[in-house]
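Here is the structure we will look at.
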Amino acid sequence: MTGRNGPAGPTPDLLSLRSAVRIRREWLRHALCTDPADRAATEQALSELYALIGADPPRFVWVDSPCAALGSGSPLPDPRAARWPRALPLPPGGAGRPVAARLADLESALHCHMADRIRRRTDISPARATMREVAAARSRSPEEGLRLGVPLPQMLAVAVEEPLYGAVQDALRAPLLSAFSAAAAGLRHGLTWFGQHDAHRIGTYEAWLRLELIGLPRELGRTYDLLSVLARSCGWWWPGDEVCVVAERPAAVHTEPLPADPHGGVRLHRDDGPAVVYRDGWGVHAVHGTVVPAWVVHAPDAARIDAEPNVEVRRTAIERIGWGAYIDEAGFRLVSSAPDPGNPGFELRLYDRSGQDPERPTRVLLAVNGSVERDGRRRRYGLDVPARFDDPIAAAGWSYGLPAEVYARLARRT
């Protein structure tokens with residue numbers, strides 16, 4: 001923008017948005033931090049949280065990873081301690097309820113307040129952008145999004161909240177929680193708090209609060225301050241009435257930038273070991289954001305690939321060894337090929353797999369994705385189709401629920 005006396009300076013909204021982006025980067029660093037936990041700060045913050053609900057400070061038990069707290073002799077609080085029998089009257093003020101339940105109430109009050117205030121502040125924006133404008137802002141830099149006319153409150157969702165949730169909640173916390181839950185199957189454990197892996201929520205709140213777009217009552221402000229300390233200081237934690245178990249942060253976290261993302265998104269990736277590993281060796285493997293079993297990284301082969309039910313895991317494993325090598329190793333026989341009418345310039349290839357598995361009379365249709373991935377590539381997929389198909393076009397149509405003659409007339413599929 002240019003004024004009568006030369007280029008105009010940045011607008012207040014632009015300055016605020018730049019500050020918010022710095023906050024997002026700061027909190028992503030906290031989420032990915034692999035430094036040893038700050039045990040003194042963690043224990044002080046947790047003791048103060050206990051004090052907020054009228055509980056005495058707990059005894060702290062530190063473990064090297066979430067998984068280390070499971071199993072025989074686990075120090076984790078019993079999950080039954082988080083529930084209060086419905087048939088019993090609650091003690092006055094809830095003082096006799098389990099610590100985990102009272103802390104959950106404390107945290108829930110903060111999250112409900114912030115979600116309500118953020119929603120209200122966004123809804124009253126005088127120039128609320130359309131869904132199409134917001135979608136366009138997601139593919140542009142934050143400053144360009146603001147210039148498109150998307151108001152600051154909505155740009156905070158695009159440039160701060162969504163990238164943090166994608167990088168922390170979806171790409172990091174969710175796969176770790178899935179692995180933890182699998183390890184904990186049949187074992188007792190209490191309610192889980194996530195320390196640094198709550199950075200997506202705390203970081204979003206900090207952007208709104210630091211820009212003074214919303215306020216926070218004093219009683220909730222203290223809860224927020226203490227949860228912020230924990231998100232900066234430690235890994236996951238499990239509060240009990242007398243014992244609080246706290247996990248160290250990971251020893252290593254391997255990520256790569258999310259392709260073509262102007263808002264700093266990242267995803268887990270490591271092609272020679274676990275993408276996240278704790279000090280005791282527990283962790284998860286991921287290749288270009290796809291969470292996979294360890295064999296995909298260390299020893300992919302056709303037998304394991306064929307037995308894998310998850311199509312994304314299969315695709316990732318096949319890409320590790322190459323489609324040509326996989327087809328040769330699996331013993332597939334080419335039945336027929338044809339230009340893909342739904343994806344001009346690419347070919348459909350139909351393979352017979354009965355020689356590999358007589359008990360599984362299916363064929364495999366090898367196709368190229370009709371849409372370009374965010375990294376600019378078109379992915380190849382192998383789809384199981386019934387053995388009755390000899391025509392790859394008919395097999396492709398079947399995969400979309402279409403007759404062959406209808407699929408043959410498609411302009412382009414996705």
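Residue 276 in the UniProt record's numbering sits at position 276 of the sequence shown; the count goes up by one each step and never skips.
Glycine included, every Cβ here is placed at the ideal spot set by N, Cα and C.
In its own chain, which residues sit with a C-beta less than 8 Å from the C-beta of E55, not counting the 5 before and 5 after it? As a working note, residue 55 is residue 55 in the sequence shown. The sequence shown places Ala at residue 55, not Glu. Closer than 8 Å at the Cβ level, and outside the excluded window around A55, lie V99, R102 and D241.
Using 10 angstroms around the beta-carbon of N343, count the other beta-carbons present and answer buried if the total reaches 16, otherwise exposed. Walking along the sequence shown from the start, residue 343 turns up at place 343. Taking all protein chains shown into account, N343 has 16 or more neighbouring C-beta atoms within 10 Å of its C-beta and is therefore buried.
Closer than 8 Å is the cut-off here; do at least three beta carbon pairs connect the region 57 to 77 with the region 108 to 124? They do not touch, by the three-pair rule.
According to the neighbour-count rule (16 or more other Cβ atoms, all chains shown, within 10 Å of its Cβ), is Y400 buried or exposed? Position 400 of the sequence shown, counted from the start, is the residue given in the question as residue 400. Per the 10 Å Cβ criterion, exposed.
Helix, strand or coil, according to DSSP, for H269 in the structure here? Taking the first residue of the sequence shown as position 1, residue 269 is located at position 269. Note: H269 maps to coil in three-state DSSP.
Just the C-alpha distance for D405 and H30, rounded to the nearest angstrom, thanks. In the sequence shown, the residue the question calls residue 405 occupies position 405. In the sequence shown, the residue the question calls residue 30 occupies position 30. Note that residue 405 is Glu in the sequence shown here, rather than Asp. E405 and H30 have their C-alpha atoms spaced approximately 55 Å apart.
Could you check the C-alpha separation between V287 and E219 for me, to the nearest Å? On the sequence shown, position 287 is the one that residue 287 refers to. On the sequence shown, position 219 is the one that residue 219 refers to. Cα-Cα distance, rounded: 43 Å.
Taking just the CA atoms, how far does D64 sit from R210? The residue you call residue 210 lines up with position 210 of the sequence shown. The residue you call residue 64 lines up with position 64 of the sequence shown. Each residue's Cα considered, the two are about 34 Å apart.
Near A136, what residues of its chain come up, given a Cβ to Cβ distance below 7 Å and the 5 sequence neighbours on each side ignored? To locate residue 136, count along the sequence shown from 1; it is residue 136. For A136, same chain residues with a beta-carbon under 7 Å away, outside a window of 5 residues either side, are L148 in chain order.
With Y400 as the anchor, note down where its alpha helix (DSSP H) starts and where it stops. In the sequence shown, the residue the question calls residue 400 occupies position 400. It is not in any alpha helix (DSSP H) - Y400 carries neither H nor E in the DSSP assignment.
Hey, out of C112, A330 and W282, whose CA is closest to P300's CA? Residue 300 sits at position 300 when you count from the first residue of the sequence shown. Considering only C112, A330 and W282, the residue with the shortest C-alpha distance to P300 is A330.
I need the straight-line Cα distance from W208 to P217, nearest angstrom please. Start at 1 with the first residue of the sequence shown, and residue 208 comes out as number 208. Start at 1 with the first residue of the sequence shown, and residue 217 comes out as number 217. So the two alpha carbons sit approximately 14 Å from each other.
Do you know offhand how far G166's Cα is from A260's? Taking the sequence shown and counting its residues from 1, one reaches residue 166 at position 166. Taking the sequence shown and counting its residues from 1, one reaches residue 260 at position 260. Each residue's Cα considered, the two are about 14 Å apart.
Note the first and the last residue of the continuous alpha helix (DSSP H) segment covering V178. The residue labelled residue 178 in the question sits at position 178 within the sequence shown. Here the sequence assigns Ser to residue 178, which means Val is not the residue at that position. Start and end: A174 to A183.
Do the region 277 to 296 and the region 109 to 123 touch if we need at least three Cβ pairs shorter than 8 Å? Segments in contact, no.
Would you kindly report the start and end of the unbroken alpha helix (DSSP H) that includes L156? Sequence index remark: in the sequence shown, residue 156 carries index 156 (1-based). Its alpha helix (DSSP H) spans residues L152 to L156.
So is V296 buried or exposed if we call it buried at 16+ other beta carbons inside 10 Å? Taking the first residue of the sequence shown as position 1, residue 296 is located at position 296. Result: buried.
For D105, which three-state DSSP category applies? Taking the sequence shown and counting its residues from 1, one reaches residue 105 at position 105. Helix.
Which residues in the same chain as P85 place their Cβ atom closer than 8 Å to its Cβ, once the five residues preceding and following it in sequence are excluded? Your numbering for residue 85 matches position 85 in the sequence shown. Note that P85 scores 40 on pLDDT, short of 50, meaning its location in the model is unreliable and no value can be drawn from it.
Tell me the DSSP bridge mates of D352? The residue given as residue 352 occupies position 352 in the sequence shown. Looking at the DSSP output, D352 shares a beta bridge with R333 and R363.
Would you please verify whether the beta carbon of R267 is less than 9 Å from any beta carbon of chain D? The displayed structure is made up of one protein chain only, and chain D is not part of it.
Going by C-alpha distance, which of H254, P257, R201 and L213 is nearest A231? Stepping through the sequence shown from its first residue, residue 231 is reached at position 231. The alpha carbon of A231 has as its nearest neighbour, out of H254, P257, R201 and L213, the alpha carbon of R201.
Close Cβ partners of A199 (< 6 Å) along its chain, the five nearest in sequence each way excluded: Within the sequence shown, the letter at position 199 stands for residue 199. Only W27, H30, A31, V168 and A231 meet the Cβ criterion.
Candidates R132, L365 and V335, of which the one nearest G397 by Cα: Locating residue 397 in the sequence shown gives position 397, counting from the first residue. For G397, the closest alpha carbon among the candidates R132, L365 and V335 is that of L365.
Nearest residue (CA-CA) to R409, options D390, D384 and P341: Taking the first residue of the sequence shown as position 1, residue 409 is located at position 409. Relative to the Cα of R409, the nearest Cα in the group D390, D384 and P341 belongs to P341.
How big is the Cα-Cα spacing for P89 and D105? Start at 1 with the first residue of the sequence shown, and residue 89 comes out as number 89. Start at 1 with the first residue of the sequence shown, and residue 105 comes out as number 105. Residue confidence is low: P89 scores 43 on pLDDT, short of 50, so the model does not pin down where it sits. No coordinate-derived value is stated.
Is the CB-CB distance between L49 and L172 below 9 Å? The residue labelled residue 49 in the question sits at position 49 within the sequence shown. The residue labelled residue 172 in the question sits at position 172 within the sequence shown. Taking C-beta atoms as the reference points, L49 and L172 fail to come closer than 9 Å.
Do you know how far the Cα of P403 is from the Cα of H254? Within the sequence shown, the letter at position 254 stands for residue 254. Within the sequence shown, the letter at position 403 stands for residue 403. Cα to Cα, the separation comes out at about 45 Å.
Quick one: grab the DSSP three-state call for S16. One-based indexing of the sequence shown puts residue 16 at position 16. If DSSP states are grouped into helix, strand and coil, S16 belongs with the helices.
Buried or exposed, going by whether 16 or more other CB atoms sit within 10 Å of the CB of T42? Here the question's residue 42 lines up with position 42 in the sequence shown. The residue is buried, with at least 16 neighbouring Cβ atoms inside 10 Å.
Cα separation between T223 and C244? In the sequence shown, counting from the first residue as 1, residue 223 sits at position 223. In the sequence shown, counting from the first residue as 1, residue 244 sits at position 244. Between T223 and C244, the alpha-carbon positions lie close to 17 Å from each other.
Residue closest to H298, alpha-carbon to alpha-carbon, out of D306, P309, T316 and V311: Position 298 of the sequence shown, counted from the first residue, corresponds to residue 298. Ranking the options by Cα distance to H298, first place goes to T316.
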